[in-house]
Structure formats: C-alpha cells, structure tokens
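Visitor: For reference, the structure I am asking about is given below.
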Amino acid sequence: MASPHPLPGDMLFLPPPSQAAAAACTTLCCLCGVPMPPNAANTCAPCLRARVDVTDGAPRHAAVVHCPSCSSYLEPPRRCTRAAPESAELLPLLLRRVQRPIQRLGVTLTAAEFVFTEPHSKRIRLRLRLRREVLPGRGLALERDHAVEFTVHDRLCDPCGRARAGPDQDQWCAVVQLRQRASHRRTLLHLEQRLAALGAAGSATRVDVTGAGGIDFFFASRSHAAGLVTLIASLAPARVADAARQLVSHDTKSNTYRHRHAFSVELCPVCRDDLVFLPREASRALGGLGPLVLCVRVTDTLALLDASTHRVVSLGIKDYDRHRFEPALTSRQLVEYVVLDVDLSPATGDTTAARFGYRTAYMQVARASELGRSNAVVTVRTHLGHLLGPGDRALGYDLRGANANNLDVDSHCLPDAVLVKKIYEKGGDGDRMQEDGGRSDDHGVACIDEIAMGIGGIDLDPCDEVELDELLEDLRI
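Residue numbers for the sequence shown follow our numbering, beginning at 932 and rising by one.
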C-alpha cells in the first residue's frame, strides 16, 4: 500500500512477507538443481559440504602423558592435574592440546564429548563439533563432527618419582639451610610459625631438623627455594649468602648438566626482649644511641630502644653486619618486679617511641622475691607508662646483680633495672593478649601443638606442661 503522502524520490514502504510466504519461497541449487531455501551461496547443503571441508587441517591424533601412580595428567611444561577417566577435569586438559591448531585454521569449537574406548587400550577419543564460515561476513556457516584420538603415555610425575626413589637416590635440587646462632632461638621459632601459617614449605619435598638447632628445606626446583629465601628475608633480619652449586651429573651427548644448589640463611642472633650493650663505634654510627638498648620488635629490621632516652632506631641486617654486637642479657634472665608507684607528670619521651605507642614514666618497683625489704625499692625510668599501674607485675632485667662480661659498669652510669613487659594473669581477660603491647594475638595460641608441628621443626611432648609454657612464651614475639 502506498503512503498518502509520497516521500521524495517516490520511495515506497512495503510490509514484510508473512512466514508462510517465506517458507514457500524456494530456489534451485546452482550445482545440482535441487529446490532449496535461498542462501547467500545459492548452493544446497550437500553441495557445500562436498566443496568445503570444515575439518581440513584439524588434528586427528595427539598424545597425553599420564602418571599411573597418582592418576594425574601432565600440563606442559611441569604441572600435573589429577583427573578421572572421562571426567569434567580431563576434558579441558585435552582440549588445550588441540585448541590452538584449530584456532589457527579459523574454525570455532562449539561442542565436545568423550567417545567410549576400552580402558586398557591406552587411547582416549573425543568427538568435536567444528564450525566454519563459508562466506565470511554473510552469516553462512557449516558444522561438522570431527574425531580426535589421544595416545596415553605412562610416565611417573616428579613427586611420584621422588617418592619411589630410594634414600640414596634422593632427587632434591635445592636446599635452604636456615640457622640462628643464639642461646635461645626465639626469632627462629617465630619465623617457623609464620612460614607454617603462610604455607611457604608446601612445595618442599622434605624438612629436616639439624643438631645445631636449624632447619633444612629441600626442594625439587631452584625457583621454589629462591622464593622461600626471599620470603624469609622479608619476615626476619636474615643474612643470605650466595647460593653454592655442586655438579651432580653431566650428559656429554646431550650437553645437559644437573646441579644441586644450597642457600645459606642466618638469622640475626639478637631476639626480641634482649638487652644489648652497644660498642662505642655502633653507638656513634647510630647517632649516639645507647649504649644500653632494648630490642622491642623484630621484623625485617631490629627496633632498638634506648634505655635512657627511649629513642627507637630501626637497624637493618646490613647495618648490623658492620658492628656484629651480641646481646648482653637475654629473655631467659628476666626477673619479676612489682610496681609500687607510678609518676607520669614529669616524664617526657621521644617522638619515635610515641609512634610505637610507648609512654615514658618514672616508677618505683621492687623485685617480687625481695618485696618487703628496706633496700629493695628502686626508681626506674621506663617506656611502659601506658600499661603499668600500681600493683601490676612486670618482667625486667636487674642490672645490679647482672653477670655479663660486656656490661661496662665503670665507664657508664647504668640504671638499676630495665622493665621489658607487663605480666598478665592467666585465665583472665589478658590471657590471650601480648605482654608488651596489650594487643590481641592475631594468629592465636590455643592450638599450640599445631603451631609447633606446622613445619616439623619442633618436637614436643604434650604431657610436659613446663616445656609447652616455655615454647608459648617464645612464640609470643
């Protein structure tokens, strides 16, 4: 029907034909003359299939590596995935082997399914549905089924090969030797807890404890060992030596070499709550710090607090190696004090200590074992003014009766005592809080056996309550 007001150029709009008229519209194939619905190629489907091969160039055979011990399949280059026969996990693994050659041909994969094969035939068959455009840009495409046969080759994966190898044929490639040369290895115990929480030793083939109090991590790959060394250096002040390399075997025909790598990591001997008497050169290099300092925090650096001015300085492992000082008194020599009186008004602290949450105060304290004696009360200047109050108990170092060779008492005026941390009553509200800062423990210490056996570096007797309590105190760094 024409419009009552014709548009310029006499353009007419006709209604679209009905579905019945469209179905009745047919044309003849240009090749065989058979009536057919019209298309862009003007050719029927049988003639198109005869002229265009959708599967031309598509792979018909492929190979896959299977581990008979753990029923896993290899994903190149070295990853292994466990999958059952004809499972949903196995299908994408096989399709990756043929998908790239198919995409290069400009063919689209629309469907895939397994074809049953005898289990002992070492063959896996897939039926793929491929789609290819006959005339690009005109919406004319053909689909056709294509069969691909995979040959299964049995070969042990690396973990299964190491498991079946004898102790004399251990196939480790790299080892990380972690050591801390100190009378008490609090940093090593704390680092072991952190590594167990992060799962850093999950790729290790074996973890051994040495007689010197260190831990050896064995890996099948050098990159895994190097990653552990980098993680340790970011968690604790560690001295990393250059990796040593030893030749194990050499194939002259293929010109291949097999080496074993050893990484030596030594932790700083100064642990948290240790009292350090700085040498004169170290005190000058740190801007007149000390000489009596307290280690208040251990991360990738050491936080040293001056016992007199309460100034806090962070010391890295490279700066520590220039002086190599040792702790004068360790946490094993802490004694219990009772706070008798606190005076906060005249005390002024350093700004660096304030950033750590400390507050300087003068306190009158007495040793718990000497409480009641006339000469037992001493006045000390401490950084724990935000925690301690009259009647509280604290742990500290008694410098009046301390026996240390590197404490130069004659040339320096040392305080009578240095308070380190507050003592919380067990079973109360502060039972699960850190002793020095009053902050709740993020990791928790309820399951102490799991923390101790997280990597395998500590062997505990659950019946020995004294040993459990000592380890609990060491892990609270």
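Using N, Cα and C, we set each Cβ at its ideal position, and we do this for glycine too. All values reported here derive from a predicted model rather than from experimental measurement.
Determine the direct distance from the alpha carbon of D1089 to that of H1241, and round the result to whole angstroms.
Guide: Locating residue 1241 in the sequence shown gives position 310, where the first residue counts as 1. Locating residue 1089 in the sequence shown gives position 158, where the first residue counts as 1. Rounded to whole angstroms, H1241 to D1089 spans 55 Å at the Cα level.
Visitor: Pop quiz: L1036 and A989 are said to be a contact at Cβ under 8 Å. What is the actual Cβ separation, rounded to whole angstroms?
Guide: Mapped onto the sequence shown, residue 1036 falls at position 105. Mapped onto the sequence shown, residue 989 falls at position 58. Contact holds; Cβ gap of about 6 Å.
Visitor: For E1044, collect the residues of the same chain with a Cβ closer than 8 Å to its Cβ; drop the 5 residues on either side in sequence, then sort them by chain order.
Guide: Your numbering for residue 1044 matches position 113 in the sequence shown. Only L1057, R1058 meet the Cβ criterion.
Visitor: By DSSP's criteria, D1272 is part of a beta bridge. Which residues make up the other side?
Guide: By 1-based counting over the sequence shown, the position of residue 1272 is 341. Answer by DSSP bridge pairing, in chain order: Q1295.
Visitor: Can the beta-carbon of R1290 be found closer than 9 Å to that of G1316?
Guide: For the purposes of this step, residue 1290 is taken as the residue at position 359 of the sequence shown. For the purposes of this step, residue 1316 is taken as the residue at position 385 of the sequence shown. A contact, by the Cβ cut-off of 9 Å.
Visitor: Going straight from the alpha carbon of S1152 to that of F1081, what length do you get?
Guide: Taking the first residue of the sequence shown as 1, we reach residue 1152 at position 221. Taking the first residue of the sequence shown as 1, we reach residue 1081 at position 150. Their Cα atoms are separated by approximately 30 Å.
Visitor: As a quick exercise: from Q1102, D1323, D1329, pick the residue whose alpha carbon is nearest that of A1307.
Guide: For this step, residue 1307 is matched to residue 376 along the sequence shown. Nearest of Q1102, D1323, D1329 to A1307, Cα basis: D1329.
Visitor: Name the one or two DSSP bridge partners that C1011 has.
Guide: The residue given as residue 1011 occupies position 80 in the sequence shown. In the DSSP output, where bridge partners are listed per residue, C1011 has L1005.
Visitor: Here's the rule I'm using: 16 or more other beta-carbon atoms within 10 Å means buried, otherwise exposed. How should V1179 be labelled?
Guide: By one-based count along the sequence shown, residue 1179 stands at place 248. When all chains shown are included, V1179 counts as exposed.
Visitor: Can you tell which of A1019, Q1030, A1015, L1071 has its C-alpha closest to the C-alpha of P1050?
Guide: Counted from its first residue, the sequence shown places residue 1050 at position 119. When each option's Cα is compared against that of P1050, the closest is A1015.
Visitor: Measuring only the C-alpha atoms, how far is T1041 from L979?
Guide: Here residue 1041 corresponds to residue number 110 of the sequence shown, with the count starting at 1. Here residue 979 corresponds to residue number 48 of the sequence shown, with the count starting at 1. Rounded to whole angstroms, T1041 to L979 spans 20 Å at the Cα level.
Visitor: Could you compute how far the alpha carbon of D1274 sits from the alpha carbon of Y1293?
Guide: Within the sequence shown, numbered from 1, the residue matching residue 1274 stands at position 343. Within the sequence shown, numbered from 1, the residue matching residue 1293 stands at position 362. Cα-Cα distance, rounded: 5 Å.
Visitor: Where DSSP assigns a beta bridge to R1095, which residues make up the other side?
Guide: Position 164 of the sequence shown, counting from 1, holds the residue named residue 1095. Per DSSP, none; premise fails for R1095.
Visitor: Tell whether a beta-carbon distance below 9 Å holds between L1109 and L1166.
Guide: In the sequence shown, counting from the first residue as 1, residue 1109 sits at position 178. In the sequence shown, counting from the first residue as 1, residue 1166 sits at position 235. No, these two residues do not count as a Cβ contact at 9 Å.
Visitor: Output yes or no for whether 9 Å exceeds the beta carbon distance between S1262 and R1312.
Guide: Within the sequence shown, residue 1262 is the residue found at index 331, counting from 1. Within the sequence shown, residue 1312 is the residue found at index 381, counting from 1. Contact: no.
Visitor: Taking the alpha-carbon of G1145 as reference, which of R1054, G964, V1227, E1123 has the nearest alpha-carbon?
Guide: The residue labelled residue 1145 in the question sits at position 214 within the sequence shown. With distances taken between Cα atoms, G1145 lies closest to E1123.
Visitor: If you compare alpha carbons, which of P1007, T1183, E1301, V1266 is closest to K1439?
Guide: The structure shown does not extend to residue 1439, since the chain is modelled only from 932 through 1408, so no value can be given for it.
Visitor: Work out the CA separation of F1047 and L1026 for me, nearest whole Å.
Guide: Locating residue 1026 in the sequence shown gives position 95, where the first residue counts as 1. Locating residue 1047 in the sequence shown gives position 116, where the first residue counts as 1. Roughly 17 Å between the two C-alpha positions.
Visitor: Locate the alpha helix (DSSP H) running through P1023, then write down its first and last residues.
Guide: Counted from its first residue, the sequence shown places residue 1023 at position 92. Looking at the DSSP string, the run of the alpha helix (DSSP H) that includes P1023 is 1021 to 1035.
Visitor: DSSP three-state call for P1321: helix, strand or coil?
Guide: Residue mapping note: residue 1321 aligns to position 390 of the sequence shown, counting from 1. Three-state result, P1321: coil.
Visitor: Around the C-beta of G1322, are 16 or more other C-beta atoms found within 10 angstroms, so that it is buried, or is it exposed?
Guide: Taking the first residue of the sequence shown as position 1, residue 1322 is located at position 391. The residue in question, G1322, is exposed, as its Cβ has fewer than 16 Cβ neighbours within 10 Å.
Visitor: Can you confirm whether the segment 1198 to 1205 touches the segment 1217 to 1231 when touching is taken to mean that 3 or more C-beta pairs between the two stretches lie within less than 8 Å?
Guide: Flag = yes, the segment 1217 to 1231 and the segment 1198 to 1205 touch.
Visitor: Report the three-state DSSP secondary structure of H1314 (helix, strand or coil).
Guide: As a first step, residue 1314 must be located in the sequence shown, where it is residue number 383. DSSP places H1314 in coil when its eight states are reduced to three.
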